[in-house]
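In my numbering, the protein residues as written are 26 to 399.
By construction, the Cβ of each residue, glycine as well, lies at the ideal position given by its N, Cα and C atoms.
As structure tokens, the structure follows; a few thoughts come after it.
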């Protein structure tokens with residue numbers, strides 16, 4: 026069993042600049058006929074009392090909390106959802122509610138129905154392998170929010186990588202996990218019917234990562250537009266849509282995938298490309314060769330799980346997508362927040378532009394990726 030850090034999901038995501046806002050339910054007996062009231066405590070956070078009161082009411086209606094004091098502890102770190110940790114009589118849970126407008130500099134709107142799509146992905150993935158996703162406990166009646174089980178003692182993979190703890194074999198486990206979901210759902214009409222989320226995927230992925238850059242780059246616009254059209258048109262397997270180190274927990278049983286709100290029935294090459302992109306960006310940021318090794322391990326492990334089509338075709342599409350996503354992380358709507366050094370941006374930008382003009386399969390792309398300026 027691999028040794029794990031004791032850092033918890035909650036500890037990683039809690040803001041260090043403010044104490045957690047608290048909404049406390051001081052509820053009378055059910056027999057009293059008096060509706061519950063809530064008070065808010067804390068500082069440093071804008072708190073939607075009505076919405077959070079609805080969350081508490083939903084948790085009570087689902088039987089997940091009692092009628093005593095209920096504290097919503099806000100978790101931070103994401104741009105697309107409000108997330109809280111809630112203590113319950115049976116242990117801590119996490120509640121997630123999607124936002125209609127993402128917290129980024131450019132305007133980025135997305136349907137809140139993606140919360141329901143995430144629930145479906147988590148449940149489907151657990152059907153492939155129970156340890157691969159957290160258990161969904163309840164869907165709440167407002168805002169497409171839902172509750173899932175909290176997983177203590179599982180560090181976030183991004184935090185491990187940023188701290189210099191690069192576990193190359195774990196990257197291989199991530200690749201195998203992604204491929205397992207793709208293989209189990211490939212060419213499955215039932216799964217395709219359950220995830221008719223083309224509009225959401227376009228709003229969350231195609232437009233901000235591919236078409237936004239195309240609109241601002243005349244030279245690369247034809248290639249990026251064609252890539253966007255190809256990505257939108259392929260219906261092969263169930264795609265998570267946000268396979269990023271920040272959305273993967275490191276557990277004793279392997280990777281646990283979170284935040285599947287971009288889930289769609291589409292091109293599995295996207296998930297592989299999306300995760301590989303993050304590892305290559307971090308390799309430039311840190312200069313650590315082990316991150317390039319982790320990217321290679323992820324791709325190699327994923328390749329062994331491809332049984333739904335020719336592996337080389339998947340890897341070529343993934344190479345094209347990775348090149349575009351690398352450029353988007355310096356020029357798109359959602360730039361990598363840690364990539365602030367102008368030289369780092371230049372390294373990524375120059376290589377990405379070259380790779381968009383002359384695509385290569387993902388394994389080859391990773392093998393030749395440069396972490397420093399020549």
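| Check | Outcome |
| --- | --- |
| Cβ pair residue 343, residue 324 closer than 9 Å | yes |
| Cβ contact check for the stretch 231-238 and the stretch 281-288: 3 or more pairs under 8 Å | no |
| Nearest to residue 341 (by Cα), restricted to the options 354, 380, 313 and 370 | 380 |
| Same chain, Cβ closer than 6 Å to residue 473, five either side skipped, listed in chain order | A question about residue 473 goes unanswered here, because the residues of the chain that appear run from 26 up to 399. |
| Spatially closest choice to residue 201 from 367, 320, 389 and 385, by CA coordinates | 320 |
| Reference residue 287; option with closest CA among 297, 272 and 264 | 264 |
| Cβ pair residue 291, residue 262 closer than 9 Å | yes |
| Expected contact under 8 Å - CB spacing of residue 328 and residue 322 to nearest Å | The Cβ separation is near 11 Å, so there is no contact. |
| Presumed contact (8 Å Cβ cut-off) between residue 80 and residue 170, rounded CB distance | 6 Å |
| Beta-carbon proximity check, residue 334 vs residue 211, cutoff 9 Å | yes |
| Supposed contact pair residue 301 and residue 391 - C-beta distance, whole angstroms, cut 8 Å | 7 Å |
| Whole-angstrom distance between residue 88 and residue 388, CA atom to CA atom | 49 Å |
| For residue 371 and residue 246, the rounded distance between their alpha carbons | 19 Å |
| Proximity of residue 147 and residue 120 at Cβ, strictly below 9 Å | no |
| Option in 174, 330, 364 and 109 with minimal Cα separation from residue 311 | 364 |
| Residue 275 and residue 182 closer than 9 Å at C-beta | yes |
| Range covered by the alpha helix (DSSP H) that runs through residue 197 | 193-210 |
| Closest by C-alpha distance to residue 353, when choosing among 384, 249 and 222 | 249 |
| DSSP-derived helix/strand/coil call for residue 363 | coil |
| Residue of 273, 244 and 227 minimising C-alpha distance to residue 257 | 227 |
| Close beta carbons around residue 345, own chain, < 7 Å, minus the five adjacent residues each side | 252 and 384 |
| CB of residue 176 within 9 Å of CB of residue 270, strictly | no |
| Outcome for residue 393 when other beta-carbon atoms lying within 10 angstroms are tallied against a minimum of 16 | exposed |
| Rounded C-alpha distance that separates residue 285 from residue 142 | 7 Å |
| Bounding residues of the alpha helix (DSSP H) (the contiguous stretch that carries residue 146) | 139-153 |
| Option nearest residue 355 by Cα separation, candidates 375, 399 and 90 | 375 |
| Proximity below 9 Å, CB of residue 173 to CB of residue 191 | no |
| Residue environment, residue 140, which counts as buried when at least 16 other CB atoms sit within 10 Å | buried |
| Sheet register partners of residue 282 (DSSP bridge) | 273 |
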